[in-house]
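For the sequence shown, position 87 (counting from the first letter as 1) is numbered 87 according to the working numbering, and the numbering increases by one without interruption. We put the beta carbon where it would ideally sit given N, CA and C, even for glycine.
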Amino acid sequence: MALAFEQALRLILAHAAPLAAEDVELDHLVGRIAAEDIAAPYAMPRWDNSEMDGFAVRTADCHPFAELSINGYLPAGVGAEQARVQPGTAVRIMTGAPIPDGCDAVVPVENTAHDNEHVMLKQRVGVGDYIRFRGSDMQAGEIMISAGKLFRPAEVNLLAAFSRLRAKVYRRPRIAILSTGDELVPPGQTPGPGQIIDSNSYSLAAAVRETGAEAVHLGIAKDNAAALRARISAGLQADILITSAGVSSGDRDLVREVLNAAGARLLFWKVNIKPSGPVAFALKGKTLIFSVPGNPVSSMIAFDQLIRPAILQMMGHEKIIRKTVTAKLSAPLLNETGKLRFLRVRVVETEQGLTVASAGDQNTGMLSTMIRAQGIVALPPECDRLEAGAQVEVQLFDACAFAYRPFERPER
Ligand code: AMP
Ligand code: MG
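In structure tokens form, the structure reads like this:
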């Protein structure tokens, strides 16, 4: 009996613990997950500073139309002691420059009229106006990045602002990829009669790299036990071994046999999904082993639905399931397999919102449908058919799903 998809995924994730932490440089942190809490080493901003280009003033001197003499200039990058304010005077100040002692407000230049010697205030000035106070952004000791958080450009900015050059993040898994099959030749080589080009090694490696993990090619193994044994034992040194093909019930499908002989423990073979049903999951020591069917579409969908979440979890990610959008079906979707059906779909933006429809022939042999697809709709085993008009959840392949459209401008 094929395992239900949810059980298969749960079983995989139960064995996909985050890897050990490693120290990584600032420039390589984006996309990684913090393995430590990071506190602000000092208050930010570090000193009271000006939010605007303008004049630092004492509010006691300020009333509308007051005229102050300009006494000093504070560009960004100099200490506050470079200027002193006396009663009846103002200091020319640039954004980010420290507020000089005695000043309690900044007047933006656009709220004044001034020449080189005098500034006239056009508006009322309140205590604290246009000052960014020390510690108003964050306090010393405040946890700003907690373990488990994704390093995005903003977190990288923060770490650099803390003057930290490195951080501890979860290690990226090394993932070995092995294609199997007597019929396979590598890309670049002209296939003889009946030979097929090994495209799966490359799509699997690409999918691995898209997660941020490291992919290692093990090449092609012929469908015989000796060839498979050698490559599989090399692959067992990796954190994850993915084998493609030779896992169905054909005569030459030796992968499971060889894995078994190598001491791998099979946790499941066959999941109640289509495509990618004949997929196997095994463990050898700390290595997770996935054997995916050889059909290119099946291998990609098996990776997407079962392997990708495991890789992300091993890298420390908590968010491991693809983002979905809700869209309205513009044509019926069929299942009729009695299995969880992953359908490749296209999403279209309309005036009424998002609509979705099949991306083409759903036969697993149709690579072109995968190329046209922007995402996946999963129909449960008990759902034979979904009618046009139904609202469905679409798992999007890409982070940016839609093209830029300039704002419509009124006609002149
Ligand atoms: P199998 O899972 O061995 O039954 O293979 C199913 C189909 O996928 C066959 O048509 C194979 O020729 C094809 N196939 C197997 N391995 C690859 C590969 N690495 N790249 C592209 N197609 C493959
Ligand atoms: Mg085969």
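DSSP three-state label for residue i, please.
| i | result |
| --- | --- |
| histidine 118 | strand |
| methionine 52 | coil |
| serine 249 | coil |
| arginine 344 | strand |
| threonine 59 | helix |
| proline 98 | strand |
| phenylalanine 268 | strand |
| arginine 124 | coil |
| arginine 209 | helix |
| glutamine 352 | coil |
| leucine 204 | helix |
| valine 107 | strand |
| valine 85 | coil |
| histidine 15 | coil |
| valine 78 | coil |
| glycine 136 | Reading off the sequence, residue 136 comes out as serine, not glycine. Of the three classes helix, strand and coil, the one that applies to serine 136 here is coil, per DSSP. |
| leucine 150 | strand |
| threonine 180 | strand |
| valine 30 | coil |
| leucine 236 | coil |
| methionine 366 | coil |
| methionine 44 | strand |
| methionine 314 | helix |
| alanine 113 | strand |
| leucine 9 | helix |
| glutamate 414 | Nothing can be reported for residue 414: it is not among the residues displayed for the chain, which extend from 1 to 412. |
| leucine 306 | helix |
| asparagine 254 | At residue 254 the sequence reads leucine, which differs from the asparagine that was named. Coil. |
| proline 296 | helix |
| asparagine 260 | helix |
Taking DSSP's pairing of strands, which residues face residue i in a bridge?
| i | result |
| --- | --- |
| threonine 287 | Lys284 |
| arginine 164 | In the DSSP output, where bridge partners are listed per residue, arginine 164 has none listed. |
| arginine 231 | According to DSSP, arginine 231 bridges with nothing at all. |
| aspartate 415 | Residue 415 is absent from the structure shown; the chain starts at 1 and stops at 412. |
| glutamine 395 | Thr324 and Ile376 |
| lysine 274 | Arg341 |
| arginine 92 | Phe55 and Tyr73 |
| alanine 357 | Arg346 |
| threonine 243 | Leu178 and Ser291 |
| histidine 217 | Ile177 |
| arginine 405 | The partner list for arginine 405 (beta bridge, DSSP) is empty, contrary to what the question assumes. |
| leucine 329 | Val356 |
| leucine 159 | Leucine 159 pairs with nothing; no bridge assigned. |
| valine 185 | Ile197 |
| isoleucine 38 | Ile145 |
| glutamate 67 | Met120 |
| leucine 3 | Val271 |
| isoleucine 131 | Ser50 |
| leucine 334 | Arg385 |
Within the same chain, show all residues whose beta-carbon is closer than 6 Å to that of residue i, passing over the 5 residues directly before and after it, in chain order.
| i | result |
| --- | --- |
| alanine 161 | none |
| tryptophan 269 | Ala280 |
| serine 291 | Thr243, Val247, Val255 and Ala280 |
| alanine 331 | Ala357 and Ala388 |
| asparagine 71 | Thr89 |
| valine 208 | Ile175 and Ala215 |
| lysine 323 | Leu396 |
Please list, in chain order, all residues of the same chain as residue i whose beta carbon is under 8 Å from its beta carbon, the five residues on each side excluded.
| i | result |
| --- | --- |
| threonine 326 | Leu354, Gln391, Val392, Glu393 and Val394 |
| isoleucine 99 | Trp47, Asp48, Asn49, Ser50, Ala56, Ala80, Ile93, Val106 and Ile131 |
| valine 109 | Met52, Asp53, Gly54 and Phe55 |
| serine 136 | Pro45 |
| glycine 194 | Glu183 |
| alanine 230 | Ala221 |
Excluding the 5 residues flanking residue i on each side, which residues of the same chain have their C-beta closer than 7 Å to its C-beta?
| i | result |
| --- | --- |
| aspartate 223 | Thr180, Gly181, Asp182, Gly246, Arg252 and Leu254 |
| proline 75 | Met94 and Ala97 |
| leucine 9 | Leu306 and Pro309 |
| glycine 102 | Arg58 and Val85 |
| alanine 238 | Arg174, Ile175, Ala176, Val216 and Thr287 |
| valine 24 | Arg32, Arg166, Ala167 and Val169 |
| alanine 2 | Lys270, Val271, Asn272 and Gly277 |
| glycine 360 | Met366, Ser368, Thr369 and Arg372 |
- Query: Within the chosen definition, does the segment 15-22 reach the segment 305-324 through at least 3 CB pairs nearer than 8 Å?
  - Reply: yes
- Task: Count the CB pairs spanning the segment 164-175 and the segment 23-40 that are closer than 8 Å, and state whether there are at least three.
- Result: yes
- Inspect the CB distances between the segment 120-127 and the segment 51-70 and report whether three or more fall short of 8 Å. yes
- Given 8 Å as the limit, is there contact between the segment 200-219 and the segment 297-306, that is, 3 or more CB pairs closer than that? yes
- Stretch pair the segment 132-152 + the segment 189-196: three plus CB contacts closer than 8 Å: no
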